[in-house]
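Peer 1: Would you mind keeping the following structure in view while I ask a few things?
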Amino acid sequence: MGHILTADNMRTRLRAEVAFLARKGPASLGASIMPGLVTYAIIVYLTYASGATSAGEYRLVLSIFAVAALFSLSETGKVVVRAVALDDKEALTSVILGRIGFAVVLASLAGICAFAFGLPSVMAGQAVGQVHIALLALGLTHGVFDSWLAVLQGRGAFGRSFIFAVLKYGSSLLAFTLLLLAGFSLASSALVQLGMMTLFNIICFFGLVVPRLKLPSTRAEASAMVKRTEPREGFVLSLANFLPGSMEHVDKFVVGAVFGLEALGLYTLCLSTARLLDNGLKPSLYIYYRRFASSLPTGKVLWLAGIAFTALGVVCTLIFIWLTANIPALAKFRGGEFIAAAVFLSYGVAMADSIYSQAYAIYPGTRSYHLLYANVASCVAVFACYLPFSLLPTAVALVAFALSQGFRHAATLLMLVALRRRQLHSAGQP
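In my numbering, the protein residues as written are 51 to 480.
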């Protein structure tokens, strides 16, 4: 009888999981895939309309913007999700104010250093320098005000997340396209696109985040808020994510500098094609963020995810190679089949790492500095490979750069599992 009840409970739980995924999954997937879909559409358009060099130039612009956003303590969003899920307004307020304060201090120090070294006068007549400064400022500002998305995730409002994502990225894509067709430069069009995205973040921040804050009204409350651990936890998580986050772009900088913008265009085109599905599926885990606040995924879940998505990657590899070889319209992709295959075949380990790393950041029973250790070690190992990769023939080097991301995911996952086991063992738990 016990076995029957257990089987019934398992079936009931499975039905509940399927219903939850069907109810929340499509909106979460749509919202998470939107940024990558817009970027991919622009890269494909530029490749066919202007050539791989233009696609490479646009990818560099986005990478500078994205790296700047990492300095805004981007991983504090995990702490925000947990605070909203637990309805802890004091924690939410301390994290948000800490993030804004850090960005203000960082921007002030950057401005002081820039003036001290006379950079404004040096770059006054250089359009490239002015674009870089604008990209850095926009990236930092965009990151500081993106907490509204974490608030919606913590509340489970994935339908609204999808609607806002469509508005944000759809309007910025429209502006970019119209400016480019009107004859404006690629850099100017991209700056307006990113500026509109940043403005959207600011508006949503004041509409969705500020009303939920509980600002201190007395000196004692302010002192207690300063002493809270959540801002420091967000800082450690962001520091832990800085290297893996930047590694998503460092390879583009290296490829562009060593092999040229045309090679970067092909690398970006095939890499973006392969990662379009991957980048959408990993953030779709947002629907489980509330659950990660109370439990970690089991080893069985990680194995199942790894096997299932590896199988998906094999299927995608075969389809992509066949399409590229047999459809003349995809001639621009030829020469990059193995770049895409390297990413497709790493789907499984990338998904398993994403599940465990995100849960590790949110679950209160883990140690956030474990993420820092694991990410630093895996990223340093991958970065050390970039120099020998740069000495390889172009075609081989591009595949090696694409493979390095799968290796990084595997190394990070293995180290986190080992650190978690050591933590439990030291606490006398099985």
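In this text, a Cβ means the ideal position worked out from N, Cα and C, and glycines have one as well.
Would you mind giving the Cβ-Cβ distance between LYS382 and LEU319, rounded to the nearest angstrom? I have them listed as a contact below 8 angstroms.
Peer 2: Confirmed, Cβ separation roughly 7 angstroms.
Peer 1: Within 10 angstroms of the Cβ of LEU421, are there 16 or more other Cβ atoms? Answer buried if so, exposed if not.
Peer 2: The residue in question, LEU421, is buried, as its Cβ has 16 or more Cβ neighbours within 10 Å.
Peer 1: Taking contact to mean at least 3 C-beta pairs separated by less than 8 angstroms, is the segment 385–394 in contact with the segment 449–456?
Peer 2: The segment 385–394 is in contact with the segment 449–456.
Peer 1: So, does the segment 180–200 touch the segment 254–262, judging by three or more C-beta pairs under 8 angstroms?
Peer 2: In short, these stretches touch, since the Cβ pair count reaches three.
Peer 1: What are the uninterrupted segments assigned as alpha helix (DSSP H) that are 4 or more residues long and contained completely in the segment 415–455, given in chain order?
Peer 2: The qualifying runs are 418–440.
Peer 1: Where does ARG384 fall in DSSP's three states?
Peer 2: Of the three classes helix, strand and coil, the one that applies to ARG384 here is coil, per DSSP.
Peer 1: State buried or exposed for THR348, treating a residue as buried only when at least 16 other CB atoms are found within 10 Å of its CB.
Peer 2: Burial call: exposed.
Peer 1: Go ahead and pull the three-state DSSP assignment for ALA116.
Peer 2: If DSSP states are grouped into helix, strand and coil, ALA116 belongs with the helices.
Peer 1: Under 8 angstroms Cβ to Cβ from ASN376, same chain only, skipping five residues before and after it: list those, please.
Peer 2: Excluding sequence neighbours, ASN376 sits near nothing in its chain.
Peer 1: Apart from the five residues on each side of it in sequence, which residues of its chain come closer than 6 angstroms, Cβ to Cβ, to SER144?
Peer 2: Here the set comprises MET275, ARG278, GLU280 and PRO281.
Peer 1: Please confirm whether ALA225 has its beta-carbon closer than 8 angstroms to some beta-carbon of chain B.
Peer 2: Judged by its chain identifiers, the structure shown contains no chain B, having just a single protein chain.
Peer 1: When you compare the CB positions of HIS459 and VAL393, do they come within less than 8 angstroms of one another, or not?
Peer 2: No, the Cβ-Cβ distance between HIS459 and VAL393 is not below 8 angstroms.
Peer 1: Residues in its own chain within less than 6 angstroms of ASP189 by CB, not counting five upstream and five downstream?
Peer 2: Inspection of the sequence shows that residue 189 is occupied by Gly rather than by Asp. Answer for GLY189: PHE115, ALA118 and ALA119, listed in chain order.
Peer 1: Compute the beta-carbon to beta-carbon distance between LEU362 and TYR397, rounded to the nearest angstrom, for a pair I have assumed lies under 8 angstroms.
Peer 2: Confirmed, Cβ separation roughly 6 angstroms.
Peer 1: To which residues of the same chain is ASN291 closer than 6 angstroms at the C-beta, ignoring the five residues directly before and after it?
Peer 2: So the qualifying residues of the chain are GLU125.
Peer 1: What span of residues does the alpha helix (DSSP H) with GLU125 cover, start to end?
Peer 2: Element bounds for GLU125: n/a, residue is neither H nor E.
Peer 1: Where does LEU346 fall in DSSP's three states?
Peer 2: Of the three classes helix, strand and coil, the one that applies to LEU346 here is coil, per DSSP.
Peer 1: Let's test the definition: count the other Cβ atoms within 10 Å of the Cβ of GLY161 and tell me whether it reaches 16, buried, or not, exposed.
Peer 2: By the 10 Å Cβ count, GLY161 comes out exposed.
Peer 1: Please classify SER171 as buried or exposed, where buried requires at least 16 other C-beta atoms within 10 Å of its C-beta.
Peer 2: Here SER171 scores only 49 on pLDDT, less than 50, and its place in the model is too uncertain to base an answer on.
Peer 1: Which of helix, strand or coil does DSSP assign to VAL172?
Peer 2: With a pLDDT of 47 at VAL172, under the threshold of 50, the predicted position of this residue should be treated as unreliable, and no value is reported.
Peer 1: For THR97, which residues in the same chain have their Cβ closer than 7 angstroms to its Cβ, ignoring the five residues on either side in sequence?
Peer 2: The residues are ALA105, GLY315, LEU319 and LYS382.
Peer 1: ARG109: buried (16+ other C-beta within 10 angstroms of its C-beta) or exposed?
Peer 2: So ARG109 ends up on the buried side.
Peer 1: Taking just the CA atoms, how far does ARG132 sit from LEU55?
Peer 2: Note that LEU55 scores 45 on pLDDT, short of 50, meaning its location in the model is unreliable; the coordinates nonetheless yield the value given after this. Looking at the two C-alpha atoms, the distance is approximately 33 angstroms.
Peer 1: Would you decide whether LYS481 is buried or exposed? Buried here means 16 or more other CB atoms lie within 10 Å of its CB.
Peer 2: Nothing can be reported for residue 481: it is not among the residues displayed for the chain, which extend from 51 to 480.
Peer 1: Measure the beta-carbon distance from SER407 to LEU466 and round it to whole angstroms, keeping in mind my assumption that it falls under 8 angstroms.
Peer 2: Yes, they are in contact, since the Cβ atoms of SER407 and LEU466 sit about 7 angstroms apart, within 8 angstroms.
Peer 1: Since VAL305 contacts ALA313 with CB under 8 angstroms, what's their CB separation in whole angstroms?
Peer 2: Contact holds; Cβ gap of about 6 angstroms.
Peer 1: Assuming LYS128 contacts ARG262 under a Cβ cut-off of 8 angstroms, what Cβ separation, rounded to an integer in Å, is found between them?
Peer 2: About 17 angstroms separates the two Cβ atoms, so there is no contact after all.
Peer 1: Helix or strand or just coil, what does DSSP make of SER267?
Peer 2: SER267 falls in the coil class under three-state DSSP.
Peer 1: Exposed or buried, what is SER158 when buried is set at 16 or more other beta-carbons lying within 10 Å of its beta-carbon?
Peer 2: Flag for SER158 reads exposed.
Peer 1: Could you check if ARG471 is buried or exposed, using at least 16 other CB atoms within 10 Å of its CB as the buried criterion?
Peer 2: By the neighbour-count rule (16 or more Cβ atoms within 10 Å), ARG471 is not buried but exposed.
Peer 1: To the nearest angstrom, how far is it from the Cα of LEU223 to the Cα of SER476?
Peer 2: The straight-line gap from Cα to Cα measures roughly 52 angstroms.
Peer 1: Would you mind sorting GLY193 into buried or exposed? The rule is 16 or more other CB atoms within 10 Å of its CB.
Peer 2: Buried, since its Cβ has 16 or more Cβ neighbours within 10 Å.
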